[in-house]
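Asks: Encoded as structure tokens, here's the structure I'll be asking about.
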Amino acid sequence: SSGAAAAPLPEEDCMKLNPSFVGIALSSLLAIDLWASKRLGVCAGEGSAWGSARPLMKVIEVSGHGIPWLLGTFYGLCQSDSSAAREVLLNLLFALLLDLVMVAVVKGLVKRPRPTHNKMDMFVTISVDKYSFPSGHATRAALVCRFVLRHLVLAVPLRVLVVLWALIVSISRVMLGRHNMTDVLFGLLLGYALYGVVEHCWLSPATAPALFALW
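In structure tokens form, the structure reads like this:
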């Protein structure tokens with residue numbers, strides 16, 4: 008009859024529908040991510056589709072590694088005789104250290120294993136590097152790119168090269184089989200956001216006199 012309305016679903020049944028849908032959607036996205044990442048891992052091994060380009064990809068990998076950046080920044084800080092340059096370099100060092108800590112924390116929390124087609128022949132690794140999410144190279148590339156574009160006076164061609172470097176380093180992570188696509192995308196977003204933290208906490212002789220007294 009018209010007075011008979013459809014009985015609403017019990018609350019517990021409604022609760023079950025949403026997690027099921029979300030779970031299916033996430034599983035589907037994960038499957039697409041794994042499939043696409045494996046297809047794009049064209050330099051994952053010597054026998055891969057672009058295996059001959061693997062040595063070049065590994066050079067690019069080193070260019071985005073934390074150790075060269077930390078050592079280079081620290082050396083520049085020690086050698087600089089300009090107070091303005093020392094301020095920029097000290098904040099770059101702070102940015103690089105912040106990046107390392109944040110990536111290590113997220114990797115330790117998420118504990119996503121690296122792709123099965125990855126070869127563990129990376130340049131200088133620590134225990135947390137067995138995990139994949141997020142890509143530390145991608146976070147560093149995005150962070151350094153924003154930092155350099157903001158604080159260094161560069162000609163337009165050099166600015167374009169900096170952006171291209173950040174993109175190539177990020178793409179190389181998937182091509183080498185080191186990371187899945189979502190690891191790299193989240194890494195880029197995290198690095199972009201970390202730059203905002205660095206700007207907010209900018210170190211200067213007025214805010215951190217003890218640090219600047221060391222140099």
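Numbering (my numbering), first residue to last: 8 to 222. Glycine included, each C-beta is placed from N, C-alpha and C at the ideal position.
Would you tell me roughly how many angstroms separate the C-alpha atoms of proline 164 and leucine 156, rounded to the nearest one?
Replies: Each residue's Cα considered, the two are about 12 Å apart.
Asks: Rounded to whole angstroms, what's the CA-CA distance from phenylalanine 219 to arginine 46? Just pull it up for me.
Replies: Each residue's Cα considered, the two are about 49 Å apart.
Asks: Would you kindly work out how many angstroms separate the C-alpha atoms of glycine 54 and cysteine 85, rounded to a whole number?
Replies: So the two alpha carbons sit approximately 44 Å from each other.
Asks: Have a look at aspartate 88 and glycine 184 and give me their C-alpha separation to the nearest angstrom.
Replies: Looking at the two C-alpha atoms, the distance is approximately 42 Å.
Asks: Measuring alpha carbon to alpha carbon, tell me which residue in Pro212, Arg153, Thr80, Val108 is nearest leucine 196.
Replies: When each option's Cα is compared against that of leucine 196, the closest is Arg153.
Asks: Which residues does DSSP pair with proline 120 in a beta bridge?
Replies: Answer is Tyr138.
Asks: Could you tell me whether the Cβ atoms of isoleucine 67 and valine 176 are closer together than 8 Å?
Replies: For isoleucine 67 and valine 176, yes; Cβs fall inside 8 Å.
Asks: Report, in whole angstroms, the separation of the C-beta atoms of proline 141 and phenylalanine 193, which I expect to be a contact under 8 Å.
Replies: Their Cβ separation, rounded to whole angstroms, is 4 Å, which keeps proline 141 and phenylalanine 193 in contact under 8 Å.
Asks: Tell me the rounded alpha-carbon separation between glycine 58 and glycine 52.
Replies: Approximately 6 Å between the Cα atoms of the pair.
Asks: Do threonine 146 and leucine 77 have their CB atoms nearer than 8 Å?
Replies: Not a contact, by the Cβ cut-off of 8 Å.
Asks: Which value, in whole angstroms, describes the spacing of the CA atoms of proline 62 and methionine 188?
Replies: Cα to Cα, the separation comes out at about 21 Å.
Asks: Histidine 186 and serine 139 - do their beta-carbons sit closer together than 8 Å?
Replies: Cβ atoms of serine 139 and histidine 186: closer than 8 Å.
Asks: Could you have a look at alanine 111 and say whether DSSP puts it in helix, strand or coil?
Replies: In the structure shown, alanine 111 sits in a helix (DSSP, three-state: H, G or I).
Asks: Between valine 160 and aspartate 128, what straight-line distance do the alpha-carbon atoms span, to the nearest angstrom?
Replies: The alpha-carbon atoms of valine 160 and aspartate 128 are separated by roughly 37 Å.
Asks: Is glycine 83 near alanine 148, with beta carbons less than 8 Å apart?
Replies: Taking 8 Å as the Cβ cut-off, glycine 83 and alanine 148 do not qualify as a contacting pair.
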